[in-house]
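These notes are about the structure you will find just below.
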Amino acid sequence: MWIPLLALSLGCSGASEPAGPETKAPNQSIVLALNWLPEPEFGGFYEGMLGGHYAEAGFDVQILPGGAGAPSLELMASGKADAAITAADDLLLKRNKGVKALGVWPAFQRAPNGLMVRETGPQGFGAILPGTQVAIEVGSPFQRYLWEKQGWGTQVQAVPYTGGIGQFLADEDLIQQAYITSEVCMARAKGVDVRFLKAADAGWNPYGTLLALPDPMPAWGPAFVEATKKAWEAYMAHPQRANAHMASLNPALTDEVLSCVTQAQAEYVLGEQGLGHMDAARWDAMAETLVDLGLLPEGSSAQGAWVVVE
Numbered sequence: 184m185w186i187p188l189l190a191l192s193l194g195c196s197g198a199s200e201p202a203g204p205e206t207k208a209p210n211q212s213i214v215l216a217l218n219w220l221p222e223p224e225f226g227g228f229y230e231g232m233l234g235g236h237y238a239e240a241g242f243d244v245q246i247l248p249g250g251a252g253a254p255s256l257e258l259m260a261s262g263k264a265d266a267a268i269t270a271a272d273d274l275l276l277k278r279n280k281g282v283k284a285l286g287v288w289p290a291f292q293r294a295p296n297g298l299m300v301r302e303t304g305p306q307g308f309g310a311i312l313p314g315t316q317v318a319i320e321v322g323s324p325f326q327r328y329l330w331e332k333q334g335w336g337t338q339v340q341a342v343p344y345t346g347g348i349g350q351f352l353a354d355e356d357l358i359q360q361a362y363i364t365s366e367v368c369m370a371r372a373k374g375v376d377v378r379f380l381k382a383a384d385a386g387w388n389p390y391g392t393l394l395a396l397p398d399p400m401p402a403w404g405p406a407f408v409e410a411t412k413k414a415w416e417a418y419m420a421h422p423q424r425a426n427a428h429m430a431s432l433n434p435a436l437t438d439e440v441l442s443c444v445t446q447a448q449a450e451y452v453l454g455e456q457g458l459g460h461m462d463a464a465r466w467d468a469m470a471e472t473l474v475d476l477g478l479l480p481e482g483s484s485a486q487g488a489w490v491v492v493e
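Residue numbers (the working numbering): 184 to 493.
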């Protein structure tokens with residue numbers, strides 16, 4: 184555990200003098216770069232700041248919001264951030280490009296992304312018909328995986344995803360990429376009945392909202408991970424404070440959307456094995472999938488890319 188240093192006031196003469204009061208050293212400053220806008224998928228990190236979990240562990244945390252294509256790992260690698268949020272697939276791909284990052288704690292056991300369809304639309308990935316348009320980040324690992332796994336080829340058309348749900352609301356036949364923590368609840372708040380096709384059901388299941396630290400891990404890393412775990416436990420029990428703060432930063436988070444997301448994401452956070460769990464089988468499977476897609480060189484593995492911090 185990281186322990187703050189104590190400054191002692193010592194006399195300069197040889198005679199013994201009473202020591203001054205012990206002074207707690209300043210907390211370690213940490214900039215945490217998110218890979219998306221402030222939303223409940225990051226609730227535990229905000230709760231760590233608001234609820235004093237980070238401060239009690241000796242950290243002064245600043246959260247840097249992201250957005251579409253936010254280079255969170257690159258910000259950490261360049262020294263503009265001390266920690267970053269990513270996903271397991273992104274971390275493996277960036278490490279292959281030389282980014283020295285280490286996955287240390289996943290807030291999401293189950294991948295929170297997938298496809299959003301109308302309630303009257305396809306009931307599964309295999310039911311998506313030829314000629315269908317899917318708004319998605321073209322060329323992304325998830326897009327490439329889906330088209331190969333489902334054998335869609337050119338029969339299902341991938342069109343650029345422009346963000347938000349505007350395209351989806353305007354075109355009743357359109358399917359789009361979505362997160363259970365975002366677009367799904369936003370569509371429902373607009374009165375649209377939607378179904379969420381989970382990426383995990385198609386076999387794409389990287390750990391999500393993954394806390395990454397520099398590799399090798401800094402000395403303060405274990406204490407930061409432990410504080411993060413406590414913060415997420417507190418958030419899952421009482422999300423109101425962090426949700427209210429995130430709503431003040433993100434106008435799209437209405438009370439209705441916040442309530443929807445908070446309830447919907449719980450099963451993705453906890454999964455089957457509980458908060459923060461990681462194991463080699465999941466990491467190895469992700470690496471093998473990226474190799475099969477030609478996104479990682481043959482022989483690549485997840486070894487050394489992650490660590491369970493005790």
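Backbone N, C-alpha and C define an ideal beta-carbon position, used for all residues, glycine too.
Determine, using beta carbons only, whether residue i and residue j come nearer to each other than 7 Å.
i    : j    : result
F228 : V452 : no
P389 : A464 : no
V282 : L312 : no
L393 : P254 : no
L247 : A425 : no
A488 : R278 : yes
Q316 : L357 : yes
G252 : L220 : no
N218 : T269 : yes
D398 : A284 : yes
G286 : A402 : no
M429 : V367 : no
A223 : T364 : Strictly speaking, residue 223 in this sequence is Pro, with Ala absent from that position. Cβ distance < 7 Å, so P223 and T364 count as in contact.
G304 : F379 : no
S483 : V490 : no
Might you give, ordered along the chain, the residues of its own chain that have their beta carbon closer than 6 Å to the beta carbon of residue i, omitting 5 neighbours on each side?
i    : result
P422 : G226 and T445
H236 : A410, K413 and A414
P405 : V492
G391 : A270, F291, A294 and P295
A240 : A406 and A410
G454 : Q292 and R293
Distance check for residue j and residue i, CA to CA, integer angstroms please.
i    : j    : result
M461 : G349 : 36 Å
K280 : A427 : 38 Å
P480 : G322 : 17 Å
R301 : A382 : 17 Å
A266 : L276 : 17 Å
L352 : A447 : 21 Å
E331 : G309 : 12 Å
Q338 : A318 : 14 Å
G231 : W335 : 43 Å
D354 : V408 : 43 Å
S442 : Y362 : 15 Å
W185 : A238 : With a pLDDT of only 37 at W185, under 50, the local geometry of the prediction cannot be trusted, and the value read off the model is given with reservation. If you take the alpha carbons of W185 and A238, they lie about 12 Å apart.
L329 : A470 : 16 Å
D376 : S212 : 44 Å
M400 : A260 : 13 Å
L478 : A341 : 19 Å
W502 : Q245 : Residue 502 cannot be examined here, being either before or after the span of the chain that is shown, 184 to 493.
L274 : W466 : 11 Å
T169 : Q456 : The requested residue 169 does not occur in the structure, where the chain is confined to residues 184 to 493.
L476 : P324 : 8 Å
K373 : G314 : 27 Å
Once you ignore the five residues that flank residue i on each side, which residues in its own chain have a CB closer than 8 Å to its CB?
i    : result
M369 : G347, I348, A435 and V440
K263 : V214 and A216
A449 : M419
Q333 : F308, G309, I311, V339 and A385
D243 : P209, N210, Q211, S212, I213 and Y237
Q306 : R378
Could you name the residues of the same chain whose beta carbon sits closer than 7 Å to that of residue i, not counting the 5 residues immediately before and after it, in chain order?
i    : result
E320 : Q326, Y344 and Q360
E416 : L458
R371 : V377 and C443
By the three-class DSSP mapping on this structure, what secondary structure does residue i have?
i    : result
M400 : coil
G477 : coil
V491 : coil
G482 : coil
M461 : coil
L432 : helix
L298 : strand
L441 : helix
L312 : coil
Q211 : strand
E450 : helix
P422 : coil
E455 : coil
T472 : helix
P305 : coil
Inside the region 318-394 only - alpha helix (DSSP H) runs reaching at least 4 residues: Every alpha helix (DSSP H) of 4 residues or more that sits fully in the region 318-394 is shown, in chain order, as 324-333, 349-353 and 366-372.
Alpha helix (DSSP H) runs wholly inside the region 217-295, at least 4 long, in chain order: Scanning the region 217-295 from its first residue to its last, the whole alpha helix (DSSP H) runs of 4-plus residues come out as 226-233, 236-239, 255-260 and 271-279.
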